[in-house]
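For the sequence shown, our numbering assigns the number 7 to the initial residue and increments by one for each residue that follows.
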Amino acid sequence: MIALYNGYAFTSNFGDLLLLKIFENWIKSDASSDIVYPLVPKSKLSQFRNYFTNAHTDLSNFKSWKALIYSGGGAFGEPERMRGKTFRGDWNKKFFRRNAFPAEWCIWNKIPYAIVGVEAGPLSNIFVKHEVKRMFARASVLSVRNLESEQFIRNTLGIGSNVTIAPDPALTLTKADIPEQALENVGRLLEPYREKILLGIHAPQRFLSETSQAQSLRAGLLSCLTSESDIVPVVFSDTGNSDRSAECCDRLASLIQHATGQKCLSIPFQGIWETVALISNLSAVLTTKLHVGMVGYALGVYCESFGTHQKTPRFYSQIGRSSQCTMLKDLEKNTVEEKVERAIQHARSKASIMDKNWQIIKNDALLHRKRVLSFLDLTATIQ
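And the structure:
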């Protein structure tokens, strides 16, 4: 039995749920072992099983585990609000319960574990930093998704060898990975608008608050859409909180439609693969989230990003598209207008982003899969 873990998948975060699905597919393609998804909180279990039907989630059968795999994500780098909190902070407290416990459980019970495709650093809290060093040093496999993470591990944690660097595992996605049913479900929603330019507007809650950044987002977006009759905006969310998700999508879609007089679609979160299928069918995407941009890039869809975390500009720099990412905190209306207009013009031009660098990035990301499969081969002999 293989334990597969991502501490933020239980919060219904699309990127972490998707990574769990990608790793699940890798394991199922190579191993006959069952998969267990440990430590899902009871309060989240019903929702989690909407995505992972009949999943085993407890620790009662841990003695039959051959290995545990951490399935990517940004859990080993603190958010900006935690910067400089050497001893305290809610994120630091949650880190031990949400991310450190599975590795410690494996160490105590002599179970090999792999940490694959993660973001590492920065970390301010000295206890978290010490724990991450311990976890990384004892991992059988350690791979990270960018150079900054490798430098943090080498220079700050003092671990200087056996670290694989490759782009995020989500970048291995192809359209062939999307289940046919998800493509059909999304296709029915979009069928009446096939001749239009479908502009995805993701994470509507970011556009609806009263912060100066949200006001800039709304003003810039509406300014660009008012006179664009060939554009159909598609407001969508990627959170499993269905009620809140639907409310935000409907509110922003209604606002756009009222202000511009143009049809605007509202598509709240339908599921992991449905979100991937939707992104694959869009002409261009505006997003504040990292993995929506990654999925778009992997599937050849142009994205303009309004980043909220240091990991987002790292990704756009890695793929040679830094100009497509502007931090949300630095936004002004004219910047939003430039980015929205750029996305629209790129969609109209139908220019492909799948250039030579795109292919290199896709191929390099497969290194994480190779590390997972070699780890499974290594652990297959464990009795």
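C-beta: ideal position from N, C-alpha, C; glycine also.
As the structure is a computational prediction, the values presented were derived from the model and not from experiment.
For residue i and residue j, I'd like the C-alpha separation in whole angstroms.
i, j, result
"Asn98", "Ser155", "18 angstroms"
"Asp244", "Leu334", "18 angstroms"
"Leu258", "Ile8", "42 angstroms"
"Lys34", "Val124", "21 angstroms"
"Pro210", "Ala283", "19 angstroms"
"Val134", "Gly90", "13 angstroms"
"Gln324", "Glu253", "35 angstroms"
"Leu305", "Lys181", "7 angstroms"
"Gly313", "Asn19", "16 angstroms"
"Trp364", "Leu372", "13 angstroms"
"Phe29", "Ala265", "43 angstroms"
"Ser355", "Lys100", "46 angstroms"
"Arg103", "Leu148", "21 angstroms"
Sorted by chain position, which residues of the same chain lie with C-beta nearer than 6 angstroms to residue i's C-beta, five sequence neighbours on each side aside?
i, result
"Lys27", "Ile278"
"Val42", "Met7, Ala9 and His62"
"Leu288", "Leu204, Gly206 and Val307"
"Ala225", "Lys339"
Let me know if residue i comes out buried or exposed under the rule of 16 or more other beta-carbons within 10 Å of its beta-carbon.
i, result
"Phe242", "buried"
"Gln187", "exposed"
"Gly95", "buried"
"Met88", "buried"
"Thr332", "buried"
"Asn12", "buried"
Can you give me the Cβ contacts of residue i inside the same chain, cut-off strictly under 7 angstroms, excluding the 5 residues immediately before and after it?
i, result
"Ser39", "Met7, Ile8 and Lys72"
"Ser222", "Leu337, Glu338, Lys339 and Val342"
"Leu153", "Ile171"
"Ser272", "Val241, Cys255, Asp256 and Ala259"
"Ala143", "Ile165"
"Thr162", "Gly127"
Where do the N-terminal and C-terminal ends of the beta strand (DSSP E) with residue i fall, by residue?
i, result
"Leu271", "Leu271 to Ile273"
"Leu204", "Ile203 to His208"
For residue i, which residues of its own chain have a beta-carbon under 8 angstroms away from its beta-carbon, when the five flanking residues on both sides are left out?
i, result
"Ile350", "Ile203, Leu205, Cys230, Glu234, Ile237 and Ala290"
"Asn31", "Asp183"
Terminal residues of the continuous alpha helix (DSSP H) containing residue i?
i, result
"Leu10", "Taken as a continuous stretch (DSSP letters only), Leu10 belongs to no alpha helix (DSSP H), being part of the beta strand (DSSP E) at Ile8 to Tyr11."
"Leu153", "Leu153 to Gln157"
"Tyr422", "The requested residue 422 does not occur in the structure, where the chain is confined to residues 7 to 389."
"Pro108", "Phe107 to Trp114"
"Ser222", "Ser218 to Leu231"
Runs of beta strand (DSSP E) lying entirely within the stretch 266-330, each at least 3 residues, in chain order: 271-273, 290-293 and 308-313
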